[in-house]
Amino acid sequence: MQGATIRSRPVYPGLAIAPFARRHIFALEGEGAGALLDIAGDLTPEVLGRSQILYVARGSLGVGHHGALQNLGAAFWAAPTVPPLLGRLDVELSRSHMGTRLYLAGTEGFIGQAMQVAAAHGIDPVSVITEHRGSLARRVQCVHCKGVTEGVTTSPFLCSHCGLSLFVRDHYSRRLGAFQGVNIDAEEPGAVPPPEELYL
Amino acid sequence: MDTGYSATHRPETFRDETFRGEFSYANSPENIRHFPFPFHEDAYRYSVNIEPHVPGRPGSAFEHLIDVDEHYLAEMADRAQVLAEDPLRYQALPHMMLAQWDTLELLMEEQARAYPHLFTLERNGDQWRWINRPLGIDDTFTFGDPSTLPREPLDYICRQTQGDIALMDQRDGNLWLDAGMITAQADWSLDFDVGMNFHEWHAPVPLAPQMGVFDRALKYLLNLQLGKPVRRLNWTMTINPRLDTSPENYPKWGPDRTTVTPENVGQKVHLRVELQSLWRLPRSNGMLFVIRSYMMRMDEVVTVPKWGRRLPRVLETLPEELASYKGLSRYRQTTIDWLKRHDDGAPTSPGIFPD
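Top line first, the protein sequences correspond to chains A and B.
Numbers 0 to 199, taken from the numbering used here, label the letters of the first sequence in order.
Numbers 146 to 500, taken from the numbering used here, label the letters of the second sequence in order.
Next comes the structure, spelled out in structure tokens:
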């Protein structure tokens with residue numbers, strides 16, 4: 000299981016329906032659709048009637064899941080990119096009451112960002128049901144300029160904000176929903192090893 | 146015992162010095178003997194090494210529980226400059242306000258008790274008056290009412306206390322790093338780590354987690370009692386006497402590590418010791434974690450013969466993984482070679498204090 004050796008990284012146990020929830024909100028990104036489709040057998044008419052599915056076919060090879068998700072029969076909304084989906088999730092959570100369960104599936108960067116939205120509504124991260132699907136790409140915060148780069152698949156990589164070459168440290172902040180990037184050639188500027196594709 | 150040791154530590158004057166630029170920081174002969182040398186034997190051994198934080202040997206860094214020394218004003222000036230450039234070095238999550246007041250009270254009381262010629266705390270119910278003579282502060286405020294202080298209580302008192310400060314909240318059987326002012330850290334980011342639990346916060350440390358060090362430390366700390374603080378020493382090395390060796394500013398200080406030569410070891414290489422103390426807080430049940438850093442260049446270390454003999458022996462036995470984590474790899478051998486010239490091979494006495 001990935002990440003078991005990084006103690007600051009969350010564990011993503013996998014989607015499982017909480018049968019007694021009054022409302023189910025599924026926020027799915029890319030291959031995260033498969034996490035819900037794989038447990039479609041657990042989606043009773045009663046559960047589906049209380050469910051809202053938010054989906055974005057981005058981040059990894061998720062195109063083509065729209066139809067399958069829509070056919071489940073729950074309320075369904077597809078976002079064009081991640082930010083509108085997070086905006087919609089924010090609205091849905093602001094109108095939610097006790098007994099709402101949140102399910103997140105997709106890349107780690109997506110889960111981390113959706114978790115930030117949930118945290119802003121006072122939802123305990125432990126109560127959110129998560130499953131990592133798709134790319135191993137990392138969301139990385141540059142410790143120097145504080146800019147976040149999405150979809151990082153190599154280490155080192157160039158910070159998309161300040162341009163420094165960053166080594167991806169195995170250290171994850173839930174608050175920021177990101178790994179830490181640290182300048183790799185600070186001691187000898189220019190001495191940057193070739194990037195390795197570690198997080199495809 | 147205690148031969149050659151100065152009497153009670155009572156700083157009267159403060160050095161005019163810098164931790165950047167021309168790096169004019171240095172220790173007076175008295176302050177060298179004040180230094181908390183961290184090695185009690187000639188070999189390196191990894192341990193949690195926690196002991197009760199009780200007043201120790203007069204003249205040493207252990208004499209008073211919150212130590213103030215000749216670097217006080219210069220450190221406060223450096224801290225103010227770091228905060229002006231990067232306000233994220235101070236963080237406090239909203240639920241930590243009570244722990245902030247606990248901390249303000251503790252740091253004012255301890256400093257006023259130990260150094261009455263420098264600090265005075267007058268309490269009249271919740272009307273408090275705080276006098277800080279070195280910094281020229283004389284403020285009256287209402288304890289518990291943040292609007293009566295110029296800054297949040299933690300922000301206010303940390304700008305008047307030597308050492309980095311972290312506040313931990315205790316809940317769910319864990320300790321959560323939920324506030325702090327960290328301007329002199331050995332390469333960890335408060336902005337990144339704030340909100341983490343004890344295990345998450347220490348995730349990048351090698352070897353120790355596998356040894357169960359943090360599990361044991363957490364179990365111990367969760368039971369920390371009010372009025373019974375504990376301490377431990379930690380250490381690393383820093384090139385040039387730079388307090389702000391933050392990851393944020395790594396591109397500024399990282400190149401220093403390539404500048405060590407056999408000729409400049411004595412001036413450039415500094416032993417950096419953290420006297421870490423942990424205190425239970427009375428109202429919030431939180432925990433105060435003071436990380437007080439002391440730096441001493443190799444030229445100064447070898448003025449104490451016992452330390453000059455012991456340090457190269459310890460450095461030689463340090464596992465490479467830890468040397469790498471502490472960032473010593475580039476200059477460890479150069480430093481050992483230089484120090485060896487001051488090691489005549491004589492046995493050293495047990496314990497950390499000078500003979």
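All C-beta atoms in this analysis are idealised placements derived from N, C-alpha and C, irrespective of residue type, glycine included.
Straight-line gap, residue i to residue j (C-alpha atoms, nearest Å)
i: residue 175 (chain B); j: residue 197 (chain A); result: 52 Å
i: residue 489 (chain B); j: residue 161 (chain A); result: 50 Å
i: residue 45 (chain A); j: residue 316 (chain B); result: 37 Å
i: residue 268 (chain B); j: residue 309 (chain B); result: 26 Å
i: residue 98 (chain A); j: residue 120 (chain A); result: 14 Å
i: residue 427 (chain B); j: residue 238 (chain B); result: 19 Å
i: residue 420 (chain B); j: residue 378 (chain B); result: 5 Å
i: residue 197 (chain B); j: residue 190 (chain A); result: 46 Å
i: residue 13 (chain A); j: residue 102 (chain A); result: 9 Å
i: residue 363 (chain B); j: residue 51 (chain A); result: 41 Å
i: residue 334 (chain B); j: residue 230 (chain B); result: 15 Å
i: residue 166 (chain B); j: residue 398 (chain B); result: 11 Å
i: residue 173 (chain A); j: residue 163 (chain A); result: 23 Å
i: residue 109 (chain A); j: residue 81 (chain A); result: 8 Å
i: residue 116 (chain A); j: residue 125 (chain A); result: 14 Å
i: residue 180 (chain B); j: residue 186 (chain B); result: 16 Å
i: residue 370 (chain B); j: residue 425 (chain B); result: 6 Å
i: residue 480 (chain B); j: residue 381 (chain B); result: 13 Å
i: residue 146 (chain B); j: residue 178 (chain B); result: Residue placement at residue 146 (chain B) is flagged as unreliable, the pLDDT there being 37, under the threshold of 50; the coordinate-derived value follows with that caveat. Roughly 15 Å separates the two Cα atoms.
i: residue 486 (chain B); j: residue 185 (chain A); result: 32 Å
i: residue 285 (chain B); j: residue 57 (chain A); result: 57 Å
C-beta neighbour in chain A for residue i, strict 8 Å
i: residue 344 (chain B); result: yes
i: residue 414 (chain B); result: no
i: residue 419 (chain B); result: no
i: residue 405 (chain B); result: no
i: residue 217 (chain B); result: no
i: residue 318 (chain B); result: no
i: residue 402 (chain B); result: yes
i: residue 232 (chain B); result: no
i: residue 480 (chain B); result: no
i: residue 466 (chain B); result: no
i: residue 488 (chain B); result: no
i: residue 239 (chain B); result: no
i: residue 396 (chain B); result: yes
i: residue 337 (chain B); result: yes
i: residue 341 (chain B); result: yes
i: residue 392 (chain B); result: yes
Any C-beta of chain B under 8 Å from that of residue i
i: residue 70 (chain A); result: no
i: residue 179 (chain A); result: yes
i: residue 120 (chain A); result: no
i: residue 56 (chain A); result: no
i: residue 132 (chain A); result: no
i: residue 1 (chain A); result: Reliability of the predicted coordinates at residue 1 (chain A) is poor, the pLDDT of 46 falling under 50, and the value obtained from them is presented with this limitation in mind. No, its Cβ sits nowhere closer than 8 Å to a Cβ of chain B.
i: residue 149 (chain A); result: no
i: residue 140 (chain A); result: yes
i: residue 169 (chain A); result: yes
i: residue 163 (chain A); result: yes
i: residue 160 (chain A); result: no
i: residue 107 (chain A); result: no
i: residue 143 (chain A); result: yes
i: residue 175 (chain A); result: yes
i: residue 5 (chain A); result: yes
i: residue 172 (chain A); result: yes
From the options, residue whose alpha carbon lies closest to that of residue i
i: residue 491 (chain B); options: B:454, B:478, B:470, B:497; result: B:454
i: residue 141 (chain B); options: B:462, B:456, B:433, B:434; result: Past the edges of chain B, shown from 146 to 500, lies residue 141 (chain B), and the structure says nothing about it.
i: residue 326 (chain B); options: B:297, B:349, B:179, B:315; result: B:297
i: residue 148 (chain A); options: A:4, A:111, A:158; result: A:158
i: residue 5 (chain A); options: A:34, A:93, A:169, A:98; result: A:169
i: residue 320 (chain B); options: B:344, B:299, B:303; result: B:344
i: residue 268 (chain A); options: A:117, A:154, A:67; result: Nothing can be reported for residue 268 (chain A): it is not among the residues displayed for chain A, which extend from 0 to 199.
i: residue 155 (chain A); options: A:113, A:139, A:144; result: A:139
i: residue 20 (chain A); options: A:40, A:118, A:48, A:34; result: A:48
i: residue 156 (chain B); options: B:477, B:467, B:303, B:172; result: B:172
i: residue 301 (chain B); options: B:217, B:225, B:375, B:473; result: B:225
i: residue 212 (chain B); options: B:233, B:263, B:223, B:232; result: B:263
Residue range of the beta strand (DSSP E) that includes residue i
i: residue 141 (chain A); result: 137-141
i: residue 570 (chain B); result: Nothing in the structure corresponds to residue 570 (chain B), since chain B is present only between 146 and 500.
i: residue 236 (chain B); result: 235-237
i: residue 283 (chain B); result: 282-287
Beta-carbon neighbours of residue i, restricted to chain D and to distances below 7 Å
i: residue 389 (chain B); result: Absence of chain D from the displayed structure is noted, the protein chains being A and B.
Limits of the alpha helix (DSSP H) - the one that residue i falls within
i: residue 93 (chain A); result: 81-93
i: residue 465 (chain B); result: 465-470
Next on the checklist: Assess contact between the segment 404-422 of chain B and the segment 345-364 of chain B, defined as three or more Cβ pairs (one per stretch) separated by less than 8 Å. Is contact present?
Outcome noted: no
Checklist entry - Using 8 Å as the Cβ pair cut-off and three pairs as the minimum, do the segment 285-302 of chain B and the segment 199-211 of chain B touch? => result no
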